[in-house]
Amino acid sequence: MSASEWLVAVATVLLAVLVGALLLALLQVIATLRNLRRTVNDLRVETVGMISEMRLAVRDATFEVDRVDALLTTAESVGENLDSASRLLRRTVSNPVVKVIAFSAGTKRAVARLRKSDGRTGRPSDRRGA
């Protein structure tokens, strides 16, 4: 065998080894891509589930915010109504109460003056024999 034949044989072996190595690398790349595809699919499934849960959570939070807003509005309205009612009650009752107190004080003084002018001491008189 000549040197050129040896070179062709060595080149063929090296080329076969190189093709084998490339084939192994290609198989690894294919396996990695399959694994990546599975991971992406799993991630997509989990992400879709999480997005659905987030939508539900946002909807629930919006409902609760609306409910709390309605409660605050109602509480504010009740507070305003109570304030108005207390002002109305104060205006309605204070003047007559002051008048009743003044009337009772005046009546008390008048009774005291009448008793003083009649000479009564405030004790019941004994009129059994009179």
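The letter at position 54 of the sequence shown is residue 58 when you use the working numbering, and the numbering goes up by one with no holes.
In this text, a Cβ means the ideal position worked out from N, Cα and C, and glycines have one as well.
Distance between D64 and M58, taken at the CA atoms: about 10 Å.
Assignment of S6 by DSSP, reduced to helix, strand and coil, places it in the coil class. When rounded, the separation of the alpha-carbon atoms in T16 and L30 is 20 Å.
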